[in-house]
Each structure stands twice: as C-alpha cells, then as structure tokens.
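Everything on this sheet refers to the single structure shown next.
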Amino acid sequence: MNAKITALHSIELQTPDLAAACKFYQNVWGLEEVAGAEGVHYFRGTGPHHHILTLRGGPEPAVVAVNLLAADVASIDQLQQSLGSTLNQDIATPTEINRPGGGYGFAFKDIAHRNIQIIAAVQEHSQTADIKGRPRKLSHAIFNSDESEPSSKFYQDELGFKLTDFTKGLDFLRCDTTHHSIGITRSGGSTLNHVAFLMPEWDSVMRGAGRMKAAGFELEWGIGRHGPGDNIFAYFVGPDGMAIEFTAEVEEIEDDHQVRGIEDWLWLSERHEQWGLAGPRSDNLKKAFKFMPFTDTLPG
34 MNAKITALHS IELQTPDLAA ACKFYQNVWG LEEVAGAEGV HYFRGTGPHH HILTLRGGPE
94 PAVVAVNLLA ADVASIDQLQ QSLGSTLNQD IATPTEINRP GGGYGFAFKD IAHRNIQIIA
154 AVQEHSQTAD IKGRPRKLSH AIFNSDESEP SSKFYQDELG FKLTDFTKGL DFLRCDTTHH
214 SIGITRSGGS TLNHVAFLMP EWDSVMRGAG RMKAAGFELE WGIGRHGPGD NIFAYFVGPD
274 GMAIEFTAEV EEIEDDHQVR GIEDWLWLSE RHEQWGLAGP RSDNLKKAFK FMPFTDTLPG
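For what it's worth, this note's numbering labels the leading residue of the sequence shown as 34, then goes sequentially.
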C-alpha cells in the first residue's frame, strides 16, 4: 500500500509581535504553551498532539509550514522519494527533528509553492481529557489557489487524500474519517485562507466566542452551521490579520460516502449556512481569507 497522510498535525506561524501573539493564543484563544526557547514557542490543545501551533518571530505575518502526519518513519521515506520525482524538486532527505516534540520528517513546497512539512513519530501527551471552552486540536486548514484542480489532484494522488465534497468555491479533502482536513479554494493565490481549531462541542464554541468578544475581537462570521461538513462555526480575525475559526461537530464520513457536488450545495449562495442566522461574511473576514502568505524559506 502506498504511504499517505493520516492527519493534520499542526501549523507554524511567523509573527512580527511574538509576545502579543503568544499572549493571545494562550490567554484568549485557549491553547497551552508546552515549550519555548530561542524565539520559538509551542502550544498544545487538549488532545494528544505535542503541539498544534508554533509561533516564531519574523518581519511580517506568514505561514512557515502546515504540518501533516504520516503513519511511521517508513512512510516518511517513501513519501519523500515519490514527491521528489513528482515535483521535480531536490527535496531534503528526511531527518530527526531537533525541536520540542521531536519526530522525523521533511519539508517541501507543494505544487503551488505552499510550505508543507510531513512528520511522524512525534511525541504525544497522555493527558487528553477535553476541557470545556478549549480547543482539542486543529480541525482543518484551507488553502487558496488560483488553479484549484491541479492542487486538489496533487493532494489526492500524491498524499492519499480523498475528495469528500465540492462547491462552486471549494474542494473538501479528507485523510481520515473527518469530513475534511484540508480544503482548496478557487481563488486567492497561494495563500492560507484560514485554519480551524476543533472544540469539544457546540457549547465550547460559544464559550470560546464569548472569550474573544470579551477580549475585543469581533465575530466576523457566525455562529452558524456549515453545509459541507455539517460543522458549527465561529470565525474571527486574529491579531496578525489571519482568519481563524472555532468549530465543532464536524461530519464523520463512512466508507460508502458518495461525493456531493455543486448542485447539492446551491442553496448556500442565498442562505450562507444551515440555520440562516449567520448572514454573509464580514468584509474584514473576506480580506483576511486572502491575506496570509507562506514564507519563502522552508522550516529549518
């Protein structure tokens, strides 16, 4: 069987105000710092992943890497070899990762020059009980793309993702039973659209949204329930201008799932979400959806 991605693990961000970003993601967003040294800080959710967010200082807001999990070291080696051939790149040899959480992996630029790191054998936490109002893990990362079809095909053919659903604006791709772990939009260049953090249930989404409101952050879209994914959502724009989402109750996909297409989701153009409460996205959020670039250099 060909090696493939098994989960979305974490995201690494560059920020021009590291102290403010660390304070926000811990005190307001609800993550816990688990390690920090030499200008790099690591934050966990309540789930098993050692960390789900890494912050480092830099001249401007940017994505350093989206980190995807593979099953084991052998899968890492196989993926590195196959990707080097497909992308016609000299992809660095996989190595032991010398930073908090450890592991083994390699980084590369995907077909649209997004920074992706594939990792395995990363340390995990044993204390994983849900805490109301606090994120468990990353739910999904959505990538912008002016040419969505090649990107969507790349993640399916080369990394083992499966197409769950597609709309006029977005392909939803899964790597496990969750409706989607990544998505590919049909505009916006090679930028990050948004990243979503999974809450234990709807009440935790409400509590997280209330915490954001108390800290002075506007609810930019929500609270509502999406069509594709069936998940509850609340969108905000973080301190660096990046779109971030609390979500919960994401649809689980069975083996016999039939892909749903544009005709199945036409009602979204008028209603925006299932409940009809959220209304359209704010202009501020629309701007944030196009804002976040990837760094020129890969993570070291």
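Using N, Cα and C, we set each Cβ at its ideal position, and we do this for glycine too.
For residue j and residue i, believed in contact at Cβ under 8 Å, the rounded distance
| i | j | result |
| --- | --- | --- |
| Val238 | Ala276 | The pair is not a contact, with the Cβ atoms about 16 Å apart (cut-off 8 Å). |
| Gln307 | Gly260 | 6 Å |
| Ala125 | Ala140 | 7 Å |
| Met245 | Val61 | 6 Å |
Rounded separation between residue i and residue j - CA only
| i | j | result |
| --- | --- | --- |
| His146 | Ser223 | 7 Å |
| Ile217 | Asp190 | 14 Å |
| Thr128 | Arg89 | 21 Å |
| Glu71 | Thr330 | 18 Å |
| Met34 | Arg304 | With a pLDDT of 49 at Met34, under the threshold of 50, the modelled position of this residue cannot be trusted, and the question is left open. |
| Asn148 | Val97 | 7 Å |
| Thr39 | Gly249 | 37 Å |
| Val67 | His74 | 8 Å |
| Pro183 | Lys195 | 14 Å |
| Gly200 | Asp163 | Contrary to the premise, residue 200 reads as Thr rather than Gly in this sequence. Spanning the two alpha carbons is a distance of roughly 32 Å. |
| Arg49 | Pro92 | Rather than Arg, the amino acid found at residue 49 in this sequence is Pro. About 5 Å. |
| His20 | His213 | Within the shown structure, residues of the chain are numbered from 34 to 333, placing residue 20 beyond reach of any answer. |
| Ile130 | Gly117 | 20 Å |
| Asn121 | Asp209 | 28 Å |
| Arg169 | Tyr58 | 13 Å |
| Ile256 | Ala103 | 33 Å |
| Gln114 | Gly309 | 48 Å |
Contact check, residue i vs residue j, beta carbons under 8 Å
| i | j | result |
| --- | --- | --- |
| Gly78 | Leu64 | yes |
| Gly221 | Phe322 | yes |
| Trp235 | Ile265 | yes |
| Phe187 | Asp143 | yes |
| Pro332 | Gln150 | yes |
| Ile152 | Gly166 | no |
| Ala53 | Gln111 | no |
Contacting residues, own chain, Cβ-Cβ under 6 Å from residue i (five flanking each side not counted)
| i | result |
| --- | --- |
| Pro326 | Ala95, Thr224 |
| Lys320 | none |
| Thr119 | Glu191 |
| Asn226 | Ile175, Asn177, Thr218, Phe322 |
Residue i versus the options, residue with shortest Cα-Cα distance
| i | options | result |
| --- | --- | --- |
| Leu231 | Ala174, Leu310, Thr200 | Ala174 |
| Ser43 | Met245, Lys323, Leu310, Val228 | Val228 |
| Gln160 | Pro81, Ile109, Gly136, Gly91 | Pro81 |
| Ile215 | Val61, Phe176, Gly274 | Phe176 |
| Ile207 | Ser108, Glu284, Ser302 | For the record, residue 207 in the displayed sequence is Arg; it is not Ile. Measuring from the Cα of Arg207, the nearest candidate turns out to be Glu284. |
| Val270 | Ala242, Leu116, Ser118, Leu171 | Ala242 |
| Trp298 | Gly262, Asp273, Lys320, Phe279 | Gly262 |
| Phe324 | Gly274, Gly294, Glu287 | Gly274 |
| Glu251 | Leu51, Pro272, Thr87 | Pro272 |
| Gly294 | Glu278, Asp204, His83 | Asp204 |
| Ser379 | Gly136, Val99, Leu46 | Absent from the structure is residue 379, since the part of the chain shown begins at 34 and ends at 333. |
| Asp179 | Pro168, Asp198, His158, Gly202 | Gly202 |
Neighbourhood of residue i by C-beta distance below 7 Å, restricted to the same chain and skipping five residues each side
| i | result |
| --- | --- |
| Trp254 | Tyr268, Ala311, Arg314, Ser315, Leu318 |
Own chain, CB closer than 8 Å to residue i, minus 5 neighbours either side, in chain order
| i | result |
| --- | --- |
| Ile286 | Thr197, Arg207, Thr210, Thr211, His212 |
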